[in-house]
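Q:
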Amino acid sequence: MMFDALIVGGSFAGLSAALQLARARRRIAVVDAGQRRNRFVDASHGFLGQDGRPPGDIVAAAKAQLLAYPNVSWRDGLAAAARKQGEDFEVEVGGDTLRAHRLVLATGVVDELPAVEGLAERWGRTVFHCPYCHGYELAQGAIGVLASSALSMHHALMLPDWGPTTFFLNAAFEPDAEQASALVARGVAVESVPIARITGAMTVELVDGRRLPLAGLFTATRTRMASPLAEQLGCEFEQGAAGPFLRRSMFETSVRGVFACGDAASPFGNVATAVGDGAMSGAAAHRSLISGL
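Heads up: the sequence shown at position 228 corresponds to 281 in the working numbering, and the numbers run straight through without jumps.
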């Protein structure tokens, strides 16, 4: 079967892209490996109409709504390889080959955390990335920012709006004089003693023996592509502060017929922006299927 469009990634961006194409009465298929980036958190915040709802429930409801369209197919599994065949595309999934005129990559990214003992186990529970997603629930308690690069200055200057903030440099970043003044102006405490480990719900243990209990800790991760498909297809990348993301023009990558959305195509993102980005990408893929556009 030749599909009009194949969407790789069935999380927020991919589902949103698929919905636009489904409503345009195009025959589409979604391939999903079930690895949402925010699978570690219990609740999603900041998404209008869904605030506080478990992200898995949001995705399940969206999937059910999408599959109500008879022109939509769903394939659970990992898209292992992709190639362009003339003007069309082939994607290998579990030993099968799926073919489509257009390809939408909503493949996401993988977060790489700083190498601090106890940090990864608390990711999505008491260790976070996005203040807008998780800051309010900390109820103005003590907040930490773990430096990972110069990007962490942005975090440190933001977080005091959610609670008293300590910036743990951890030998990863050193503010210059101007940055130090900005931190003072925002009331941010700076801790230069390295972290030994994280224990309990969220207690930072420093190498000098001090123990600092916190309501939550924020850190900027490094990111990498969660899927090799874009590289296999020859798509171009841009380098963001946290890692590479797909270069696009009007939601289309550098490879004609390949569209991209969500975290794989943006240096920043959350659920709400991923849904919007997916909707625009799906609409762009549909317009490209119309003769003459």
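Quick reminder that beta carbons are idealized off the backbone N, C-alpha and C, glycines included.
(1) Grouping DSSP H, G and I as helix and E and B as strand, with all else coil, what is residue 84?
(2) For the candidate residues 326, 251 and 202, whose alpha-carbon lies nearest to that of residue 228?
(3) Are residue 347 and residue 218 close, meaning C-beta to C-beta below 7 Å?
(4) Look up residue 96 in the DSSP assignment and say whether it is helix, strand or coil.
(5) Any contact between the segment 277-287 and the segment 96-116? By contact I mean 3 or more CB pairs, one from each, below 8 Å.
(6) Measuring alpha carbon to alpha carbon, tell me which of 75, 161 and 126 ends up nearest residue 65.
(7) Alpha helix (DSSP H) containing residue 328: first to last residue?
(8) Any contact between the segment 182-200 and the segment 263-280? By contact I mean 3 or more CB pairs, one from each, below 8 Å.
(9) In whole angstroms, what is the alpha-carbon distance linking residue 183 and residue 163?
(10) Run through DSSP, which three-state label would residue 320 get?
(11) Using DSSP bridges, identify the partner residues of residue 60.
(12) As a quick exercise: from 249, 343 and 56, pick the residue whose alpha carbon is nearest that of residue 262.
(13) Near residue 324, what residues of its chain come up, given a Cβ to Cβ distance below 6 Å and the 5 sequence neighbours on each side ignored?
(14) Leaving aside the five residues before and after residue 305 along the sequence, list all residues of the same chain whose C-beta is less than 6 Å from its C-beta, in chain order.
(15) Taking its Cβ as the centre, do 16 or more other Cβ atoms sit within 10 Å of residue 343, making it buried, or is it exposed?
(16) Assign residue 155 to one of two classes, buried (16 or more other C-beta atoms within 10 Å of its C-beta) or exposed (fewer than that).
(17) What first and last residue would you give for the alpha helix (DSSP H) that runs through residue 76?
(18) Looking only at its own chain, which residues have a Cβ that is under 6 Å from the Cβ of residue 297, when we skip the five neighbours before and after it?
(19) Does the Cβ of residue 168 have 16 or more other Cβ atoms within 10 Å, making it buried, or fewer, making it exposed?
(20) Mark residue 240 as exposed unless 16 or more other C-beta atoms lie within 10 angstroms of its C-beta, in which case mark it buried.
(21) Determine the burial state of residue 138: buried for a count of at least 16 other Cβ atoms within 10 Å of its Cβ, exposed for fewer.
(22) Do the CB positions of residue 242 and residue 226 come within less than 7 Å of each other?
(23) Output yes or no for whether 7 Å exceeds the beta carbon distance between residue 204 and residue 273.
(24) Name the one or two DSSP bridge partners that residue 252 has.
(25) Based on the DSSP output, what are the partners of residue 176 in its beta bridges?
(26) Just to confirm the assignment, what range does the alpha helix (DSSP H) spanning residue 54 have?
(27) Going by the beta-carbon positions, is the gap between residue 332 and residue 315 smaller than 7 Å?
(28) Closest to residue 113 by C-alpha separation, out of 87, 131 and 334, would be which residue?
(29) Quick check on the DSSP output: the alpha helix (DSSP H) that includes residue 206 runs from which residue to which?
(30) Taking buried to mean at least 16 other C-beta atoms within 10 Å of its own C-beta, is residue 339 buried or exposed?
A: So, from the listed chains and residues:
(1) strand
(2) 202
(3) Here the chain covers residues 54 to 346 and nothing more, so residue 347 does not appear.
(4) coil
(5) no
(6) 161
(7) 324-342
(8) yes
(9) 15 Å
(10) coil
(11) 83 and 157
(12) 249
(13) 65, 97 and 100
(14) 312
(15) exposed
(16) buried
(17) 65-76
(18) 290
(19) exposed
(20) exposed
(21) exposed
(22) no
(23) yes
(24) 256
(25) 180
(26) Element bounds for residue 54: n/a, residue is neither H nor E.
(27) no
(28) 87
(29) 205-211
(30) buried
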